[in-house]
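Going left to right, the sequence shown walks through residues 215 to 649 as the working numbering numbers them. Even glycine gets a Cβ: it sits at the ideal position worked out from N, Cα and C. Reviewing the structure listed below.
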Amino acid sequence: MRTKPVKQSGANRKSSPSHPLTVKQIPSVVQDVLSKTAFIDIHTHLFSPAFGKLGLWGIDELLTYHYLEAEFFRSSEVTPERYWKLSKSEQADAIWNALFVQNSPISEATRGVIAVLNAFDLPTDASGLKKARAFFKEQSIEKHTQKVFEMAGIDTVVMTNDPLDSEEKTVWMNGGQDHSQFQPVLRLDRILWGWPRHWQELARQGYAVDERVTGKSISEVRRFLADWHKRMRPLYMAVSLTDQFLFPDESVTSKILGEAVLPSCREFGLPMSLMIGVRRQVNPAIRLAGDAAGKADLRALENLCRDFPENRFLVSALSRENQHELCVYARKFNNLMPFGCWWFLNNPSIVEEITRERIEMLGTSFIPQHSDARVLEQVIYKWKNTRRTLAPILTNSYNLLHSEGCAVTREMVQRDVNRMFRTNFEEWTGLQTAE
Ligand code: FIX
Ligand code: ZN
Numbered sequence: 215m216r217t218k219p220v221k222q223s224g225a226n227r228k229s230s231p232s233h234p235l236t237v238k239q240i241p242s243v244v245q246d247v248l249s250k251t252a253f254i255d256i257h258t259h260l261f262s263p264a265f266g267k268l269g270l271w272g273i274d275e276l277l278t279y280h281y282l283e284a285e286f287f288r289s290s291e292v293t294p295e296r297y298w299k300l301s302k303s304e305q306a307d308a309i310w311n312a313l314f315v316q317n318s319p320i321s322e323a324t325r326g327v328i329a330v331l332n333a334f335d336l337p338t339d340a341s342g343l344k345k346a347r348a349f350f351k352e353q354s355i356e357k358h359t360q361k362v363f364e365m366a367g368i369d370t371v372v373m374t375n376d377p378l379d380s381e382e383k384t385v386w387m388n389g390g391q392d393h394s395q396f397q398p399v400l401r402l403d404r405i406l407w408g409w410p411r412h413w414q415e416l417a418r419q420g421y422a423v424d425e426r427v428t429g430k431s432i433s434e435v436r437r438f439l440a441d442w443h444k445r446m447r448p449l450y451m452a453v454s455l456t457d458q459f460l461f462p463d464e465s466v467t468s469k470i471l472g473e474a475v476l477p478s479c480r481e482f483g484l485p486m487s488l489m490i491g492v493r494r495q496v497n498p499a500i501r502l503a504g505d506a507a508g509k510a511d512l513r514a515l516e517n518l519c520r521d522f523p524e525n526r527f528l529v530s531a532l533s534r535e536n537q538h539e540l541c542v543y544a545r546k547f548n549n550l551m552p553f554g555c556w557w558f559l560n561n562p563s564i565v566e567e568i569t570r571e572r573i574e575m576l577g578t579s580f581i582p583q584h585s586d587a588r589v590l591e592q593v594i595y596k597w598k599n600t601r602r603t604l605a606p607i608l609t610n611s612y613n614l615l616h617s618e619g620c621a622v623t624r625e626m627v628q629r630d631v632n633r634m635f636r637t638n639f640e641e642w643t644g645l646q647t648a649e
């Protein structure tokens, strides 16, 4: 069971914080600081309880996570067409049987479910699913959320909020939510690359826009953004972009991004999050699981960081092949904050490579990870894995520092972990987490 994490340096320590550590002490101090520091999870698809059923939690949602659906179709005769006709619990039964009973749950996503069951002292053998259903059925979401956050060692998650999603819009139009542990983000995919299919919704809402973004369209998109900034109070604006994203070019995406969204980010003092490199729906038959990854041309990012020096860019790239150049660009532009090992990169073998090259080139001026959790309890395993993968990497960095004759103290380790998992983000977004 996790001890309650503390935000700043851990209290009641044996050695004084500024006492130089021996090489032998460094690993345990790094582990202790990682374990006792509460992290901010800067990108998730979680929702506060105010959003009702939009917030996913419990064993059936954990098992039907699109990462597991993708793995299921590789280990079952069930076709996607047949699978989509099943009920949620029938889908969960099928995935449990194929990936957890008939095969060993040794992939990252399957082992994650085992970690969640284990965290709640639930059986992880074939009987696990039935017992888990009974357990989650007894939980009340608000109390369960606090428990899950404590077990995950996080105190704040950042949501992904789509102002053009009809279900979500209803909540915001009826007063929205004000849960300090669930921070909003204005997600603009439908505006920035979905414009041809969604511009009419803005027109329906009274914004004088047209498909080719002429006339008053740009100023009306800015009015739309201003209205949602007031309603939602987002920490940043965000968009996911494909591996084909270019900037500048003649596209509607470039026009709206350059002439409306980035000026609005400057007007409201918000960073812009760009998640670049998805190849959408390469296999539509498996729906949300059907997206893939592709190497992007990051010269688009170079142009944005250089041509919009007043804007701050939170950036994650989906292709492993883009990671080194993303680090190099972060050395060129201090308005670029690399974050996370996104989606197909969130595996220890790749997280290690990415995090080491970021520390080597950027020190602690980056944000190592986000969970991208879609189901509440996923934060338990995603942050457990992050702490487990990061501990030896940070220990190695401090060992190297120590070997060069520099005193390493717990205070330094705490300051660095705070910076990477809290203050880099707080300073970029103005987020005030309660002390
Ligand atoms: O665009 C995004 O926010 C992606 O993270 C998601 O679309 C993706 O499905 C996901 O959840 C990856 O972890
Ligand atoms: Zn995401």
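For methionine 489, the first and last residue of its enclosing beta strand (DSSP E): 486-493
Any non-hydrogen atom of ligand 1 within 7 Å of leucine 343 CB: no
Span of the alpha helix (DSSP H) around phenylalanine 639: 638-643
Unbroken beta strand (DSSP E) run spanning threonine 609, endpoints: First-last for threonine 609: 592-617, but that is the alpha helix (DSSP H), not the beta strand (DSSP E).
Assigned secondary structure, asparagine 375 (DSSP; H/G/I helix, E/B strand, else coil): strand
Residue nearest to alanine 605 in terms of C-alpha spacing, selected from Cys620, Pro582, Asp586 and Ser394: Pro582
Residue environment, cysteine 541, which counts as buried when at least 16 other CB atoms sit within 10 Å: buried
Nearest neighbour of methionine 626, chosen from Val315, Gln360 and Val247 [CA to CA]: Val247
Nearest neighbour of glycine 342, chosen from Asp376, Met373, Leu277 and Ala366 [CA to CA]: Leu277
Residues bridged to arginine 401 (per DSSP): Ala452
Endpoints, alpha helix (DSSP H) assigned at leucine 276: 273-277
Cβ neighbours of proline 462 in the same chain (closer than 7 Å, five flanking residues each side left out): Ser468, Gly472 and Asn517
8 Å Cβ cutoff met for methionine 451 and leucine 378: no
Beta carbon nearer than 7 Å to a non-hydrogen atom of ligand 1: His257, His259, His280, Thr374, Ser454, Met489, Val492, Leu502, Asp505, Trp556, Trp557, Asp586 and Arg588
Unbroken stretches of the beta strand (DSSP E), 3 residues or longer, contained in the stretch 416-480: 451-456
Same chain, Cβ closer than 6 Å to leucine 439, neighbours up to 5 away in sequence not counted: Ser478
The stretch 386-404 contacting the stretch 365-378, beta-carbon criterion three pairs below 8 Å: yes
Helix, strand or coil at isoleucine 320 according to DSSP, with G and I counted as helix: coil
Residues bridged to leucine 255 [DSSP beta-bridge criterion]: Reading the sequence as shown, one finds aspartate at residue 255 and not leucine. Answer is Val371.
C-beta contact flag for serine 533 and alanine 506 at 8 Å: no
Own chain residues within Cβ distance below 7 Å of arginine 650, not counting five before or after: Because the chain is modelled from 215 through 649, residue 650 falls outside the range shown and cannot be assessed.
For proline 410: DSSP bridge partner residues: Answer by DSSP bridge pairing: none, since proline 410 is not bridged.
Spatial distance of proline 263 from asparagine 388 (CA atoms): 14 Å
Helix, strand or coil at serine 530 according to DSSP, with G and I counted as helix: strand
Where arginine 624 falls, given that 16 or more other Cβ within 10 Å makes a residue buried: buried
Beta-bridge pairing of phenylalanine 553 - partner residues as DSSP gives them: Ile581
Residue environment, leucine 608, which counts as buried when at least 16 other CB atoms sit within 10 Å: buried
Simplified DSSP assignment, three categories, for alanine 156: No answer is possible for residue 156: the residues shown for the chain start at 215 and end at 649.
C-alpha distance - threonine 603 paired with glycine 554, whole-angstrom precision: 13 Å
From Ala284, Ser530 and Arg629, residue whose alpha carbon lies closest to that of tryptophan 556: Ser530
Simplified DSSP assignment, three categories, for valine 507: In the sequence as presented, valine is not what sits at residue 507; that position holds alanine. The answer is strand: DSSP assigns alanine 507 an E or B state.
Contacts around alanine 514, its chain only, beta-carbon distance under 7 Å, and the 5 residues preceding and following it disregarded: Phe459, Leu460 and Phe461
Test item: CB-CB of phenylalanine 334 and phenylalanine 349 under 8 Å: yes
Sequence-distant residues of the same chain with beta carbon closer than 7 Å to asparagine 549, five excluded per side: Cys519, Pro523, Asn525, Arg526 and Phe527
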